[in-house]
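K.L.:
Residue numbers (my numbering): 4 to 504. Beta carbons are placed, not taken as given, at the ideal position from N, Cα and C, and that holds for glycine. A quick note: this is a predicted structure, and the numbers were derived from the prediction, not measured. Okay, here's the structure, questions in a sec.
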């Protein structure tokens with residue numbers, strides 16, 4: 004059955020380095036990505052000293068847009084938005100480029116200001132990432148860099164600066180030399196540009212820093228390929244710079260995990276990011292699942308705005324995979340109640356960990372739509388391969404690991420590959436999830452008992468009333484089996500009976 008055209012939306016970003024098209028549809032209240040099309044156009048490289056776009060650069064752009072135009076034919080005009088950014092803002096002959104581009108696309112193009120670009124980027128991050136408190140969002144484009152501090156969906160302060168990976172490559176790495184002096188010059192220039200902003204931004208402060216650019220995404224891919232976790236830090240950036248300097252020449256750049264198409268602008272983006280880390284005192288950065296294009300989409304989807312990103316994602320998954328929602332809520336509430344009882348000794352007070360445990364509990368039956376047999380393997384596969392707005396890559400992997408072990412024998416080795424969380428902590432969350440599932444087996448609120456759970460080391464002590472145990476022999480048997488599984492991974496589950504009803 005064909006998708007209703009009214010459900011389809013397209014956002015096109017005519018960037019300084021690449022042109023991007025995002026095509027989505029709304030399914031079960033969530034945004035489902037249908038296509039991401041990207042072409043390296045290097046528009047900024049076509050600007051001369053008089054800010055005239057070269058004919059060659061314009062032709063590269065028009066050729067790309069002819070590809071995009073094919074996909075736009077079946078999407079309602081009201082569901083399409085096309086924006087131009089930094090290079091088109093400054094190009095003296097922009098009208099010549101736009102006239103032909105609009106003819107190709109049969110749709111108007113809006114050249115947005117730097118401030119509009121920053122605000123839209125922020126919305127893209129806010130609608131695809133989750134977290135509490137203020138966040139600093141950084142997007143390094145080809146010809147501009149956007150900096151925003153905001154909370155939830157509201158930006159507090161934002162700026163767009165005239166520096167980007169294409170412009171800085173032309174200025175500081177034009178000869179293809181990768182000497183420390185090239186990096187020092189680029190870093191100093193970037194630091195000078197951001198210096199006037201530091202006081203105001205730091206006055207707002209932030210609890211987390213999120214990167215939303217090709218530079219940041221490329222860096223994360225390099226880090227993971229080289230065996231690091233996904234968190235970007237200044238020491239890691241400095242190590243990447245040392246690897247680049249060791250190559251000597253841009254043509255000889257050979258960094259494990261770096262794609263061929265990213266090589267021409269990687270070092271210039273790296274230099275800008277190092278400058279930002281230094282000037283703003285950034286401790287670590289994560290990556291966002293969205294940026295400008297996603298922001299454009301959510302601006303078109305007015306009714307989708309101002310919603311909790313994770314809850315929207317979970318609601319969509321539960322509807323898509325026909326999960327019993329009252330039961331999912333029941334398991335989630337019990338898992339959180341158990342977590343609260345052992346939070347201090349097991350160091351699970353962190354709100355983020357609690358939310359991830361609750362999310363896993365709500366999705367514990369996601370694999371059943373495929374089949375009861377191997378349901379947990381199905382669940383793990385679904386989560387590993389799904390797009391989950393509101394969850395970072397490391398959080399998605401943790402969810403997949405929890406769901407991959409929600410019943411049956413335990414395997415502590417599966418947590419060794421997780422990033423951003425200790426294997427012991429992941430195993431503790433798994434054990435709590437499994438207990439919640441066992442106690443909710445009858446799928447009735449009235450069947451969930453009052454219980455007391457305590458923790459000491461890796462030993463859990465579970466106290467239940469003897470009458471309840473006597474009247475629930477199947478659950479008692481499952482708890483005994485769970486105790487056996489737990490022993491095999493170095494833990495212990497003790498069951499004690501209390502008198503009373």
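Using the rule of at least 16 other Cβ atoms within 10 Å of the residue's Cβ for burial, across every protein chain shown, is residue 239 buried or exposed?
P.N.:
With 16 or more other Cβ atoms within 10 Å, it is buried.
K.L.:
With a threshold of 8 Å, are at least 3 pairs of Cβ atoms found where one atom belongs to the region 144 to 151 and the other to the region 114 to 122?
P.N.:
Three or more Cβ pairs closer than 8 Å define a contact, and the region 144 to 151 meets that threshold against the region 114 to 122.
K.L.:
Going along the chain, which residues of its own chain have a beta-carbon closer than 6 Å to the beta-carbon of residue 125, five neighbours each way excluded?
P.N.:
140, 151, 153 and 158
K.L.:
Would you report the Cα separation of residue 193 and residue 237, rounded to the nearest angstrom?
P.N.:
15 Å
K.L.:
On the criterion of 16 or more Cβ atoms from any shown chain inside 10 Å, does residue 497 qualify as buried, or is it exposed?
P.N.:
It is exposed - the Cβ of residue 497 has fewer than 16 other Cβ atoms within 10 Å.
K.L.:
Within its chain, find whatever has a CB closer than 7 Å to the CB of residue 163; leave out the 5 residues flanking it on each side and keep chain order.
P.N.:
117, 118, 120, 121, 147 and 149
K.L.:
Is residue 495 helix, strand or coil by DSSP?
P.N.:
strand
K.L.:
Starting from residue 160 and walking both ways along the beta strand (DSSP E), at which residues does that stretch end?
P.N.:
157 to 164
K.L.:
With distance defined between alpha-carbon atoms, name the residue in 156, 173 and 127 nearest to residue 145.
P.N.:
Nearest to residue 145 by alpha-carbon distance, out of 156, 173 and 127, is 173.
K.L.:
Going by DSSP, which residues form a beta bridge with residue 109?
P.N.:
Residue 109 is not bridged to any residue.
K.L.:
Of all the CB atoms in chain C, is at least one closer than 9 Å to the CB of residue 272?
P.N.:
Among the protein chains of the structure shown there is no chain C, as only one such chain exists.
K.L.:
With contact counted as at least three CB pairs below 8 Å, one residue from each stretch, are the region 359 to 372 and the region 321 to 333 in contact?
P.N.:
Contact holds between the region 359 to 372 and the region 321 to 333, because three or more Cβ pairs, one in each stretch, are under 8 Å apart.
K.L.:
From this set, 271, 301 and 25, which residue's C-alpha is nearest residue 248's C-alpha?
P.N.:
271
K.L.:
Which residue wins for smallest C-alpha separation from residue 438, given the options 469, 484 and 459?
P.N.:
484
K.L.:
Please report the straight-line C-alpha distance between residue 2 and residue 281, rounded to a whole angstrom.
P.N.:
Limits of the chain in this structure are 4 at one end and 504 at the other, which puts residue 2 out of reach.
K.L.:
What residue from 276, 321 and 420 has the CA that sits closest to residue 230's CA?
P.N.:
420
K.L.:
Here's the rule: buried if 16 or more other CB atoms are within 10 angstroms of the residue's CB, otherwise exposed. What is residue 218?
P.N.:
buried
K.L.:
Is it a yes or a no for the region 93 to 106 touching the region 51 to 61, going by three-plus beta-carbon pairs under 8 Å?
P.N.:
yes
K.L.:
Measuring CB to CB, does residue 505 end up less than 9 Å from residue 84?
P.N.:
Outside the shown range of the chain, which is 4 to 504, sits residue 505, and nothing can be said about it.
K.L.:
Identify, in the order they occur along the chain, each residue of the same chain with its Cβ nearer than 8 Å to the Cβ of residue 101, setting aside the five sequence neighbours on each side.
P.N.:
Only residues of its own chain outside the window of five on either side were considered, and among them 87, 91, 112 and 114 have a CB closer than 8 Å to the CB of residue 101, listed in chain order.
K.L.:
How is the beta strand (DSSP E) around residue 138 delimited, first residue to last?
P.N.:
137 to 143
K.L.:
For residue 491, does the count of other Cβ atoms within 10 angstroms reach 16, so buried, or fall short, so exposed?
P.N.:
exposed
K.L.:
What did DSSP end up calling residue 153 once you bin it into helix, strand or coil?
P.N.:
strand
K.L.:
To the nearest angstrom, how far is it from the Cα of residue 23 to the Cα of residue 215?
P.N.:
14 Å
K.L.:
Apart from the five residues just before and just after residue 493, which ones in its own chain have a Cβ nearer than 8 Å to its Cβ?
P.N.:
415 and 461
K.L.:
Within a Cβ cutoff of 7 Å, which residues of the same chain sit near residue 33, ignoring the five residues on either side of it in sequence?
P.N.:
If you ignore the 5 residues before and after residue 33, its C-beta comes within less than 7 Å of the C-beta of 315, 316 and 319, all in its own chain and listed in chain order.
K.L.:
Go to residue 242, then tell me how far its alpha helix (DSSP H) extends in each direction, as first and last residue.
P.N.:
237 to 250
K.L.:
Taking the alpha-carbon positions, what's the residue 137 to residue 444 distance?
P.N.:
40 Å
K.L.:
Alpha carbon to alpha carbon, what distance is there between residue 459 and residue 18?
P.N.:
55 Å
K.L.:
Could you give the distance in angstroms between the alpha-carbon of residue 77 and the alpha-carbon of residue 12?
P.N.:
10 Å
K.L.:
In angstroms with no decimal places, state the Cα-to-Cα distance between residue 257 and residue 250.
P.N.:
7 Å
K.L.:
Out of curiosity, what's the CA-to-CA distance linking residue 42 and residue 359?
P.N.:
36 Å
K.L.:
Measuring CA to CA, which of 226, 225, 89 and 361 is closest to residue 170?
P.N.:
The candidate whose alpha carbon is nearest that of residue 170 is 89.
K.L.:
Starting from the Cα of residue 179, find the closest Cα among 269, 135 and 261 and give me that residue.
P.N.:
Checked all of 269, 135 and 261; the closest Cα to residue 179 is 269.
K.L.:
Starting from the N-terminal side, write out each stretch of the alpha helix (DSSP H) that is 4 residues or longer and does not extend beyond the region 392 to 429.
P.N.:
396 to 406
K.L.:
Is it buried or exposed for residue 487, if we count other Cβ within 10 angstroms and need 16 for buried?
P.N.:
exposed
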